[in-house]
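Read the structure below first, then the notes.
Protein chains in written order, with my numbering: chain A, 1 to 220; chain B, 1001 to 1220; chain C, 2001 to 2243; chain D, 3001 to 3243.
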C-alpha cells in the first residue's frame, strides 16, 4: 500500500477538498509546507480565504507565471509566490504576533503522530542523526485558533499515526482540533478521537483497526 | 529670589546653551516637555541632532508657521510641531522600544529632586489631591543612555533640589547622569555630586550651601 | 469576497456590551476616534473599562464618554491635560477608578496582549511607587518588574485610509497607540477618512494589516477635539440634551 | 549633518571582532545580505555566534561563512534547506554548536532584545523538548515558558532603499528578520540596492527608522543565492582559493 494512492479511501486531493469545504469565507489561514498547500486549490467558488505565510506576507497568492518569479517573494516553504490585492508585507515579529496572538483562524499541518488528546508530533522523529529543525510549527500550533491535521491514516509501514500517546517529540500539547486522513475526518473531542465522517468504502471497523486508540462513534 | 531670573548664575537660556554644548553631532535626543525644550534653540552651528518625541516621531522639527499647523502632528507636550527631512513616524510600541532598548543617546528632563545617587523625582509631589500622571518619564529614565537634568538649583522657597535622598515619589533609581542648574553643572559620580563647572559669579561655597548633600570638587 | 465595511459608526459600535474593556486610540487629540466615541455614548454601554493614554479634553470625545458616566475604570498614563476637567472631577468624587501605567509599559502591555505574550519584564518603574506590590526579578544584574499583557473586547481607532480588507494607514502622530491596540482588540473598529477597495494600498506600506481589523467605517471629515472645544461644543450637544 | 554611508562592504564590517555575536537577516535567500557576509569572510573574524533563521545553501553567503570555519555557534529555527550540506557536515562532525529556537520565539527574542525587554513568557514549545529545562509559569490557567531577549554585537541586513540617516525600506518577503534584528544590534549594518538623501523617503512609509541603523553601504545589484548556486559559484571563488 502506498501512502500516495491508498487502496480505498480518499486521495490527497480528496482530503484537501474535504478540508477546504470546512473553511468559512474570509478566514485567515496558514497552510503548512507540502501536502496542506493543496487545500488552496479546492476552495469552493464564492469563498475568499486570506493566506498567511509566516515569513511575512498576508494575502499570499499562487505561484507566479513562469519567468515572472521573484526570489524574494517566497512562502515559508521557500517557493516563489505572488501577492493578492489587499496583501501586506511585515516583519517576523509581527508575523508571529499574528500567529501567537490568536489572529489566524486556521492552520492546516502535516503530522507524524496525533494523540487522542490532541498532542501533535510533526517536526522530528527524534533520531540522533537528523539535524533538528523546527521552523514555525510550534508557534502555529500554540497560537492559531484551530489546527487541522492532514495526514495518511497510517505510516508507510502500516503503523497508526493516530495514537494514544505520541512517541515522537511533540510539536505541541493538546493543540489539534481535527484530523483529515485518507480514511476519515476525526475530531479531537474531550473523550478522545471522535469520528465525524468516513471516506467512501471505509467502514468504522476498518478505520478503528488502523487507529491506535479508541475511535468514538459520531456525536449524535 | 525668582526662579525665572536668579540674582546670580545662569538664566534658563544660559543653562539650555550649556546643555546644548555637551551634545555631540548626530545624537538622538528626547527633550522633556517645558524648559528642556529650550535646548533645541542653542545647538551649536554645524551640529545636527535628531529629536525623538515619544508619541511617535523621530526627526521632529520646530513649531509650524502660523496657520500651517496640523492638530495631528504634535509632540509629547501636545504642541504642534513639524517633521524634518529624514523623519519617520511609528507607533507607541516601537517608540518606547527605542527608549527602553537604549537607542536614544540622551534625554533632558526637568526635576523636583535629584539625589546624590542619581535618583530622580519629577512626576509627582505625592499630594493626595493631585491626579497622578506619569506619561513617558519613567520609561525615559529607565532606558535612555544618558539622562541630563535641567533645573533651578533650589525651589521657589529656597529648598535644595539636589538632595541626599529624594522625599518625593521616584521616577527612577540611579538614573541621572548630570545636572545642569542655574548655579552649576554637576555630575552624579559614584561618590555623589561632583562639581563640573560653576556659573559665572558663583562660588563653590555658594553652590554647596544650596545643595542638600556634599558637593565634591571637580575631578582632577 | 471580503468586505469589512459597516454603514455607520452607530452600526460599528452596536454590540459593545456593558462592562466591556474598550481600547481607544489617541495621544491627546491626535488619533482620537471622536465619531466612534460619540456613537458609543449614544449607544449607551455602561461600566466600561477604558484603556487610553489620556482622558480627553473639554466635554467632547473621550471626556464626554466619562462625563456621561459610562466609564468605571480608566487605564492610562497621563489623565491630565490642558482643558481636562471631567476626569479630575470624577476622580476626586471617587466615581472612576484609575490604573496609572507608564506610557511605554502601557504600549508594551497592549502590544504583548495582541501578540500572545501574557507577561514580560521591564526596567521601567523599578524603584518607584508604580512598581509597588509587583513581582521583581534580577536578570543579568539588573532589576526588572513583571508586567502583564492587556487585551480588550473592543478597540476603537482612527485611520487616514483603510481598505475593504481592513488594512490601515495613519496620519503623522495620530498613529500612536492604534497599531498595538488593533492587535489587542477582540473586535477592532476603525474609522477612516478614506475607504478604498482592497488592492489600492501598497502592500509594502500597510501599517496595520487587515487581519487585526474587524470593521471599517467611513468618517469623511473627522472632527478635531481642539476645534470642537474652541467652538464651545459638548457631546451630546447642549441643545439636544435639553430637548 | 548626518551621513551613515560607508564606502564599501569591506569597510562596513572591518571592526567585527573574533567571538562576536552577529545577527544576519534573511529567510532562505530572501533578505540574505550576501555581499556583507562575503566581506565578513574576507575580513576573517572567527568564533562567531550567528543568529539567523537558516544556515544557508550551497557554498555561498551564510553557508560559505560556515564552510570557512568562522562560526562557533548558530542560533536558528531551521538549519536544513534544499541544497544545504555545509551545516549538516559541520554539525555531524561536532564543529558547530546549535541552539534551536522556534521561529516565532526567535523573532520575539530578537525584538525583545532590541526593545529593552530582558525576558517574556510564551506559549510556544510548552510540553516539547525545546522547553526542556526552561522555567514554566501558569498565567490565567495556561502554561507558558520563559524566554530571554537576545542582542548582538553586529547586525547585517539587506534593504531595498536606505537613506543617509539610516531609514530603510525592504522588498517583499526579504523584510523578514531585518527590522527586529536592526533593533537588536549594537552596530547595525545595512546593504541597500539604492541609497538616497535624507528627506527622499516618505516618513509614513519608513519601515526601519534610522535610529536603529549605524552604517549604510550601497550594493547596487545584490546577488541572489539561488542564482549563484545555479551558476556553480562558491565563496571564495574556487579560482581565487587555489591562486
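Glycine included, C-beta positions come from ideal geometry on N, C-alpha and C.
At least one CB of chain C closer than 8 angstroms to the CB of residue 3169(D): is that the case?
-> yes
Using the C-alpha atoms, what's the distance from residue 2184(C) back to residue 1222(B)?
-> Given a span of 1001 to 1220 for chain B in the structure shown, any question on residue 1222(B) remains unanswerable.
Mind checking whether residue 112(A) and residue 27(A) have CB atoms under 8 angstroms apart?
-> no
Within the 8 angstroms Cβ cut-off, does residue 3139(D) reach chain F?
-> The displayed structure is made up of protein chains A, B, C and D, and chain F is not among them.
Between the C-alpha atoms of residue 3024(D) and residue 1206(B), what's the straight-line distance to the nearest angstrom?
-> 56 angstroms
Show which residues of chain D have a CB atom less than 7 angstroms away from the CB atom of residue 2205(C).
-> 3205
Given a threshold of 16 other Cβ atoms within 10 Å of its Cβ, counted over all protein chains shown, does residue 21(A) qualify as buried or as exposed?
-> exposed
Can you give me the start and stop residues for the beta strand (DSSP E) that residue 52(A) sits inside?
-> 50-53
Under 8 angstroms, do residue 2218(C) and residue 2029(C) count as touching if we go by C-beta distance?
-> no
Run through the segment 1063-1109 of chain B for me and flag every whole beta strand (DSSP E) of 3 or more residues, listed as ranges in chain order.
-> 1082-1089, 1106-1109
Straight-line Cα distance separating residue 3020(D) from residue 3037(D) = 14 angstroms
Status (buried if at least 16 other CB within 10 Å, exposed otherwise) for residue 3102(D) | buried
Per-residue burial, residue 2242(C) [other beta carbons within 10 Å of its own, 16 or more giving buried] = Interpretation of residue 2242(C) is limited by its pLDDT of 39, a score under 50 that renders its predicted location unreliable; the figure taken from the coordinates is listed afterwards. Per the 10 Å Cβ criterion, exposed.
Return the residues of the segment 1010-1042 of chain B that lie within a Cβ-Cβ distance of less than 7 angstroms from chain D, sorted by chain order.
-> 1026, 1028
Around the C-beta of residue 1138(B), are 16 or more other C-beta atoms found within 10 angstroms, so that it is buried, or is it exposed?
-> buried
When you compare only the Cα positions, how much space is there between residue 176(A) and residue 3022(D)?
-> 37 angstroms
To the nearest angstrom, how far is it from the Cα of residue 1061(B) to the Cα of residue 3154(D)?
-> 31 angstroms
Is there at least one Cβ from chain D nearer than 8 angstroms to residue 2041(C)'s Cβ?
-> no
Terminal residues of the continuous alpha helix (DSSP H) containing residue 3105(D)?
-> 3103-3115
Just list the alpha helix (DSSP H) runs in the segment 1102-1170 of chain B, keeping only unbroken ones of 4 residues or longer that don't cross its boundaries, in chain order.
-> 1137-1143
What is the DSSP secondary structure of residue 3160(D), reduced to helix, strand or coil?
-> strand
First and last residue of the uninterrupted beta strand (DSSP E) at residue 3010(D) = No beta strand (DSSP E) holds residue 3010(D); the alpha helix (DSSP H) holding it covers 3009-3012.
Does the Cβ-Cβ distance between residue 1126(B) and residue 1064(B) come in under 8 angstroms?
-> no
Shorter than 8 angstroms from the beta carbon of residue 2226(C) to some beta carbon of chain B?
-> yes
Between residue 1052(B) and residue 1059(B), what straight-line distance do the alpha-carbon atoms span, to the nearest angstrom?
-> 6 angstroms
Minimum C-alpha distance to residue 3121(D) - residue among 3187(D), 3104(D), 3210(D) | 3104(D)
Just the Cα atoms here: how many angstroms apart are residue 3148(D) and residue 3069(D)?
-> 28 angstroms
Which residues share a DSSP beta bridge with residue 2036(C)?
-> Residue 2036(C) is not bridged to any residue.
Should residue 2172(C) be labelled buried (16 or more other beta-carbon atoms within 10 Å of its own) or exposed?
-> buried
Exposed unless 16 or more other CB atoms sit within 10 angstroms - verdict on residue 84(A) = buried
Residue 2241(C) at chain A interface by Cβ criterion, 8 angstroms = Caution applies to residue 2241(C), whose pLDDT of 44 falls short of 50 and renders its modelled position unreliable; the value that the coordinates give is listed next. Cβ-Cβ to chain A under 8 angstroms: no for residue 2241(C).
Beta carbon of residue 102(A), beta carbon of residue 143(A): below 8 angstroms?
-> yes
Name the chain B residues that come within less than 7 angstroms of residue 3038(D), Cβ to Cβ?
-> Residues of chain B passing the Cβ test: none, with the nearest at roughly 29 angstroms.
Rounded to a whole number of angstroms, what is the C-alpha to C-alpha distance between residue 2091(C) and residue 2192(C)?
-> 32 angstroms
Under a three-way DSSP split, which group does residue 3225(D) fall into?
-> helix
How long is the line joining the alpha carbons of residue 1215(B) and residue 1043(B), rounded to whole angstroms?
-> 29 angstroms
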